[in-house]
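Below is one structure, written out as structure tokens, with a few remarks after it.
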Amino acid sequence: MNELKPGRGTARNRGDLRLAVFASGGGSNLQALIDATKSGVIKGRVGAVISNNSGAYALARAANENIPAFHISGKTHPEPENFIGTTLDVLETNGINLIVLAGYMKLLPPEVIRRYRYRIINIHPALLPKYGGKGMFGLIVHKAVLDAGEKISGATVHMVDETYDHGVILIQRTVPVLPGDSPETLAARVLEVEHRILPQAAGMFLC
Ligand code: GRF
């Protein structure tokens, strides 16, 4: 496990939410969650950031906020039992009680889903159940929406289970598809909505 920041030991202020955010990319949704813990929309704090991508700017965002950040991937942990064990250790050590997948490009191991069942949420940049499932991520989603001639799109926060983009939907919000939209312009409009509904959904959880 490549711990990029000293862990903070077990959770202080018991009763507050302690989030672990899993991210593979730029981490703008992570930043929205961090900001929401500061504004009080989320009653708690981000206790750990985990990425499978050592170059993810999400890890830099965590470091900027003194949040324990961990690079855990198939490269750092080629043996599945080590990957699972290390992930669970990080979650336990940091007193995590809510997992948020925010642009995390891997499927969580079933052992982690079982241990945190009903305490894992994901943000998806489309109106599930359409345009979801394995392989549907990033600009691929928005291209599919445009190719289908949809007039509306949007974002979804849902509970995570063992199937990609499949769990109970918690919040959805729509955006218009505008004439001349490219996957990039639609993605940017949807991302603005993501930054609002993901913190709202996390804020619905109490310890
Ligand atoms: C978001 O569009 C999210 O819907 C998708 O991955 C992207 C993550 O963006 N799952 P960021 O890393 O939070 O900026």
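Here the sequence shown is numbered in the numbering used here, starting from 7 and rising by one per residue. Ideal Cβ placement from N, Cα and C applies to all residues, glycine included. Source: prediction; values computed, not measured.
Roughly how many whole angstroms lie between the Cα atoms of residue i and residue j?
i	j	result
G109	A66	15 Å
F89	K81	10 Å
R51	S57	18 Å
A42	I203	11 Å
A193	P131	8 Å
D95	Y124	19 Å
G173	C213	21 Å
M142	P189	13 Å
E198	A207	15 Å
V183	S30	27 Å
R14	L23	Note on R14: pLDDT 45, under 50, position unreliable in the model; the coordinate value appears next. Approximately 15 Å between the Cα atoms of the pair.
H83	A26	19 Å
I129	V147	13 Å
D153	E168	29 Å
Report yes if the C-beta of residue i is less than 8 Å from at least one heavy atom of ligand 1; otherwise report no.
i	result
L197	yes
Y110	yes
F211	no
N35	yes
G139	no
H172	no
P185	no
A161	yes
S188	no
G61	no
A42	no
S30	yes
H130	yes
Please look up how many angstroms separate the CB atoms of residue i and residue j, rounded, as I've assumed it's under 8 Å.
i	j	result
G209	D171	Between D171 and G209 the Cβ distance is about 22 Å, and since that is not below 8 Å, they are no contact.
I119	M165	Going by Cβ atoms, the distance from I119 to M165 rounds to 10 Å, so no, they are not a contact pair.
G33	I102	The Cβ separation is near 17 Å, so there is no contact.
T92	I73	About 18 Å; that fails the 8 Å criterion.
Can you name the residues that DSSP bridges to residue i?
i	result
I56	F28 and F76
L23	G50
TODO: At 3 residues or longer, and completely inside the region 96 to 149: list those beta strand (DSSP E) runs for me, N to C.
DONE: 104 to 107 and 126 to 130
TODO: Note down, one range per segment and in chain order, each alpha helix (DSSP H) of at least 4 residues found wholly within the region 141 to 197.
DONE: 145 to 153
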